[in-house]
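Heads up: the structure comes next, in structure tokens.
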Amino acid sequence: MKSKQDRAAFLAIGLAVALCVAGPIRGQDASNVTSATDANRIQKLEDAVRQLSSQNQQLQQEINDLKSSKLTHILSSAETNEPALLVIPGGKEGQLVLGGYFQGNAEFGDVDAYRGSWAGVKGHNERVFDRFRLRRARLGVWGDFWENFDYKLMGDFGQSDGISPRTAFSGTDIYLNWHGLPEANIKFGQFDTPFGMEQFSIPDMLTLTPERSEVTEGLRPERQIGVMVWGQPLADVWPEERDLLAYYFGVFNGNLRNITVNDNNNFMYMGRVEAQPFQGRLFGQPTSWKLGVDGYYSVDASNTLVSQTGNIWTQPDGSLAPLNVQTRSDQRLAGGVDQMFNCGPLTVQAEYLQTRFHDAVATVRDFTAHGYWVVTGFQVIPKKLELVGKYEYFDPDQLPSDDLWTTTGGINYYPRGNGPGEITLMLDYLHTWSHFRELNPDFGRDQFDEIMTRAEFSF
Numbered sequence: 009m010k011s012k013q014d015r016a017a018f019l020a021i022g023l024a025v026a027l028c029v030a031g032p033i034r035g036q037d038a039s040n041v042t043s044a045t046d047a048n049r050i051q052k053l054e055d056a057v058r059q060l061s062s063q064n065q066q067l068q069q070e071i072n073d074l075k076s077s078k079l080t081h082i083l084s085s086a087e088t089n090e091p092a093l094l095v096i097p098g099g100k101e102g103q104l105v106l107g108g109y110f111q112g113n114a115e116f117g118d119v120d121a122y123r124g125s126w127a128g129v130k131g132h133n134e135r136v137f138d139r140f141r142l143r144r145a146r147l148g149v150w151g152d153f154w155e156n157f158d159y160k161l162m163g164d165f166g167q168s169d170g171i172s173p174r175t176a177f178s179g180t181d182i183y184l185n186w187h188g189l190p191e192a193n194i195k196f197g198q199f200d201t202p203f204g205m206e207q208f209s210i211p212d213m214l215t216l217t218p219e220r221s222e223v224t225e226g227l228r229p230e231r232q233i234g235v236m237v238w239g240q241p242l243a244d245v246w247p248e249e250r251d252l253l254a255y256y257f258g259v260f261n262g263n264l265r266n267i268t269v270n271d272n273n274n275f276m277y278m279g280r281v282e283a284q285p286f287q288g289r290l291f292g293q294p295t296s297w298k299l300g301v302d303g304y305y306s307v308d309a310s311n312t313l314v315s316q317t318g319n320i321w322t323q324p325d326g327s328l329a330p331l332n333v334q335t336r337s338d339q340r341l342a343g344g345v346d347q348m349f350n351c352g353p354l355t356v357q358a359e360y361l362q363t364r365f366h367d368a369v370a371t372v373r374d375f376t377a378h379g380y381w382v383v384t385g386f387q388v389i390p391k392k393l394e395l396v397g398k399y400e401y402f403d404p405d406q407l408p409s410d411d412l413w414t415t416t417g418g419i420n421y422y423p424r425g426n427g428p429g430e431i432t433l434m435l436d437y438l439h440t441w442s443h444f445r446e447l448n449p450d451f452g453r454d455q456f457d458e459i460m461t462r463a464e465f466s467f
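Shown next, in the form of structure tokens:
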């Protein structure tokens with residue numbers, strides 16, 4: 009639209025110049041205009057004036073049509089230089105941004121061994137073979153409307169992987185958030201629940217390893233449908249320290265995402281508090297340190313799937329499978345603590361999670377599944393090349409010594425030199441031990457190895 013306005017202005021200037029030139033010529037004494045050449049020049053100028061006037065009227069009409077019809081158009085943000093899709097709203101104001109990201113894996117060796125998946129008891133848990141995997145392919149829109157609302161609508165195409173019961177495109181984040189008060193936002197819809205830092209506080213494009221730890225996948229409730237109140241209590245009373253404290257409290261159905269009915273008349277109650285005791289410079293490097301504590305309580309009906317991605321139910325051979333509640337009175341009480349430290353090229357993250365299950369399965373009345381993970385990343389070439397090391401531990405607590413350990417070593421390469429979040433190439437080696445198999449060698453080997461690679465980009 010801007011270019012058409014410029015053209016209209018140019019034509020208007022040309023029209024004015026032409027009139028100024030033509031006026032004096034026509035106003036001269038007739039005796040001075042005697043040659044045919046002068047007459048031709050006057051005729052040509054008059055034709056040019058008429059043509060410019062006609063074109064100017066057409067361009068003005070096009071501009072008016074664009075304004076009145078409120079057509080969608082693409083603009084470029086002056087602050088970020090990133091393209092944004094702006095829709096002229098029917099209300100007072102509004103913005104719509106189109107974006108997404110893609111993550112593709114190539115996995116070889118003992119695939120998914122870190123999740124307790126290997127050649128197990130027939131009918132329970134079979135080995136996952138080498139594969140190319142479309143891990144995530146998400147597309148969404150988000151933005152603001154009116155004065156105090158923001159929203160997000162996002163879905164995933166990459167779900168036909170045999171890990172979760174989802175086999176086609178489905179919604180991930182679908183919510184409306186009122187942010188009229190920074191101390192008390194209100195979010196409603198389907199979104200990440202505030203439990204478990206590795207999932208809640210670290211977006212998919214910012215993880216240091218291709219996959220999250222098994223304790224996160226198994227014990228975290230993932231996305232839910234519900235309502236949440238959250239905010240930064242110090243945003244107005246102490247603006248310069250607004251990031252010092254944040255809280256999240258939500259009430260959810262408790263039976264995972266894209267399920268519009270509750271499994272019973274009970275809800276899942278969840279809360280999280282984050283504190284950032286330090287933000288500044290250390291050893292000349294920008295530094296931040298954040299701490300978190302969270303927990304939830306839920307009463308589940310029978311056939312409620314505890315996790316859509318994680319395995320926490322121990323099989324007779326020590327392997328793990330998804331857990332479906334077998335009784336009508338299962339109760340889950342969970343808690344966790346975590347920390348995130350960043351100092352220049354160094355990142356250190358750690359978390360401990362546990363969930364107590366009461367009457368979830370018939371074979372084990374009560375058990376407390378728990379575990380932790382620690383990951384360190386160091387950018388040997390800032391925002392370009394990063395070395396990563398991770399250690400994780402998970403104890404399902406259903407058979408004697410049924411715990412797993414996994415160590416990961418990897419390299420992350422950021423081709424554009426902007427660090428994580430845009431384009432990333434990952435190469436990781438994972439080594440997993442099964443304590444149960446070590447003590448019961450008749451079931452087979454107890455150590456497993458996997459090579460995992462990933463290519464990802466956002467747009």
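Residue numbering for the sequence shown follows the working numbering, starting at 9 and increasing by one per position.
For every residue, glycine included, the Cβ atom is placed at its ideal position computed from N, Cα and C.
Predicted, not measured: the structure shown is a model, and the values here were computed from it.
- Under the Cβ criterion (8 angstroms, minimum of three pairs), the region 259–274 counts as touching the region 295–314.
- In the three-state reduction of the DSSP assignment, His443 falls in the helix class.
- Taking a C-beta distance under 8 angstroms as the contact criterion, Glu206 and Arg220 qualify as a contact pair.
- Taking the Cα positions, Gly226 is about 17 angstroms away from Pro218.
- Between the beta-carbon of Val223 and that of Tyr380 there is about 7 angstroms, and that keeps the pair under the 8 angstroms contact cut.
- When Cβ pairs closer than 8 angstroms are counted between the two stretches, the region 325–333 is seen not to touch the region 349–362, the count staying below three.
- Per DSSP, Gln334 lies in no beta strand (DSSP E) segment and is marked neither H nor E.
- Counted as a single uninterrupted DSSP element, the alpha helix (DSSP H) harbouring Glu225 occupies residues 222–227.
- Counting along the chain, the unbroken beta strand (DSSP E) around Phe365 starts and ends at 354–366.
- As computed with DSSP, Ser466 is found in a beta bridge with Tyr109.
- A contact is defined here as three or more CB-CB pairs under 8 angstroms, and the region 367–375 fails this definition with respect to the region 386–399.
- The continuous beta strand (DSSP E) containing Met236 extends over residues 231–239.
- The beta strand (DSSP E) runs lying completely inside the region 154–218 and spanning 3 residues or more are 157–164, 178–186, 193–200, given in chain order.
- Inter-residue distance for Thr414 and Gly117 is about 15 angstroms (C-alpha atoms, whole angstroms).
- Residues Gln293, Pro294 of the same chain have their beta carbon placed closer than 7 angstroms to that of Gly352, with the five preceding and five following residues left out of the count.
- Per DSSP, Ser306 is one residue of the beta strand (DSSP E) stretching across 293–308.
- When the five nearest sequence neighbours on each side are left out, the beta carbons in the same chain lying within less than 6 angstroms of the beta carbon of Phe257 are those of Val237, Gly279, in order along the chain.
- Ile431 sits in a strand when the DSSP states are folded into three classes.
- Residue environment for Leu447: exposed (fewer than 16 other C-beta atoms within 10 angstroms of its C-beta).
- By the Cβ test, the region 105–125 is in contact with the region 140–154, since at least three Cβ pairs between them sit closer than 8 angstroms.
- The residues Gln240, Gln284, Gln287, in chain order, have a CB closer than 8 angstroms to that of Asp251 in the same chain once the five nearest residues on each side in sequence are set aside.
- Nearest neighbour of Gln334 by Cα position, chosen from Tyr422, Phe365, Phe349, Leu438, turns out to be Phe365.
- In the three-state scheme derived from DSSP, where H, G and I count as helix and E and B as strand, Tyr422 is classed as coil.
- The straight-line gap separating the alpha-carbon atoms of Asp457 and His439 is approximately 5 angstroms.
- Within the DSSP secondary-structure output, Trp413 pairs in a beta bridge with Tyr401, Trp441.
- Within the same chain, Cβ atoms closer than 6 angstroms to the Cβ of Phe177 are found at Gly163, Phe165, the five residues on either side in sequence being excluded.
- Contact annotation: Gly204 and Arg228 have beta-carbon atoms nearer than 8 angstroms.
- Taking C-beta atoms as the reference points, Asp410 and Phe444 count as a pair closer than 8 angstroms.
- Here Pro202 really is in contact with Asp302; their C-beta atoms are around 6 angstroms apart, less than 8 angstroms.
- Contact check for Ala342 and Tyr304: beta-carbon distance about 5 angstroms, within the 8 angstroms limit, so the pair qualifies.
- For the pair Trp126 and Gln455, the Cα-to-Cα distance works out to about 10 angstroms.
- In this structure, Gly148 lies away from Gly102, with their beta-carbon atoms at least 8 angstroms apart.
- In this structure, Lys160 sits away from Asp138, with a CB-CB distance that is not shorter than 8 angstroms.
- Asp346 has its alpha-carbon roughly 27 angstroms from the corresponding atom of Leu189.
- For Tyr255, the uninterrupted beta strand (DSSP E) run begins and ends at 253–260, by DSSP.
- Apart from sequence neighbours up to five positions away, the residues of its chain that approach Asn274 with a beta-carbon distance below 6 angstroms are Val307, ordered along the chain.
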